[in-house]
Each structure stands twice: as structure tokens, then as C-alpha cells.
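Chemist: One structure is given below, represented as C-alpha cells, and several questions about it will come after.
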Amino acid sequence: ACAFLVVFLRAMLKKETYLLDKKYEEELARHAGLSRKLEEIRRKKSGLAKDLARLSELYALTKQMSFNIRFKELFASLRGFLNDNFRFGKFKIVLFKSEKDKSTSYNTYEISAASESRGEKS
């Protein structure tokens, strides 16, 4: 009876050890997957930080250059970018000025898919 109990307990111990080893391997695989995802997120974050820094530099340069560029030239560049990257029928930019809590439009620039940019006084 004692030998049977020892054999039975060994079998149970072997089964439990197998199940725990299997669970451990599954958790290791899960951990490895999470580590890969975390590393991917870190890479994306680093890339976004670099993009943000580059955009900040471009903004600063654009701000400095804006004193020498006329709005129509800037709008023509915007038109080229939009035509190259997007499809649209018509695109308008309306410039507003604000005086004493009252906003009024003072100029409208329009791009249609087939036309050049133009400024219209409003």
C-alpha cells in the first residue's frame, strides 16, 4: 500500500511538474511577445520624437523665412503640395482680421482642381 502511494504521488508530482513547465514556457513566450511590442513602441516613440524635433526646427526656420515670403508664394507652394498628395475639387483659405471682438474676412484664396491659385478681395 505504501509503494502504491509513492508511485501515485510521483505520478501526480510528474504531472504537476509538466503542467507548471508548460505554463512557464507559455508565460515566457507571452513575456517575449510583450517585450517585442514594448521595443516596437519605444522605436516608434523615438521616431515620433525625432519627427517632432524636425518639425519644430522647420517651424522655426519657416517663421524666420516668413518675413521674406509673400503669402501668394506660400499659397502656391501649398497648392503644389496639395495637388501632389490629395484629391479635391476646391480648396479655400479665408484670412480673417479681428478688431474689438469682431472678426471680418479680408481676403480669400481659392484652389480648384484645374485652376491656379488666385486672391480675391472680400
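Here this note's numbering is used: the first residue of the sequence shown is -19, the next is one more, and so on. Using N, Cα and C, we set each Cβ at its ideal position, and we do this for glycine too. As the structure is a computational prediction, the values presented were derived from the model and not from experiment.
At the level of alpha carbons, what is the spacing between K25 and R59?
Modeler: Here the question's residue 25 lines up with position 45 in the sequence shown. Here the question's residue 59 lines up with position 79 in the sequence shown. Answer to the nearest angstrom: the Cα atoms are 31 Å apart.
Chemist: Looking only at its own chain, which residues have a Cβ that is under 8 Å from the Cβ of S83, when we skip the five neighbours before and after it?
Modeler: Position 103 of the sequence shown, counted from the start, is the residue given in the question as residue 83. Excluding positions up to five away in sequence, the list reads F76 and K77.
Chemist: Does the distance from the CB of F71 to the CB of S57 come in under 9 Å?
Modeler: Taking the first residue of the sequence shown as position 1, residue 71 is located at position 91. Taking the first residue of the sequence shown as position 1, residue 57 is located at position 77. Not a contact, by the Cβ cut-off of 9 Å.
Chemist: Go through its chain and collect everything with a Cβ distance to V74's Cβ below 7 Å, but skip five positions before and after it.
Modeler: The residue you call residue 74 lines up with position 94 of the sequence shown. Excluding residues within five positions, the ones whose Cβ falls inside 7 Å are S85 and T88.
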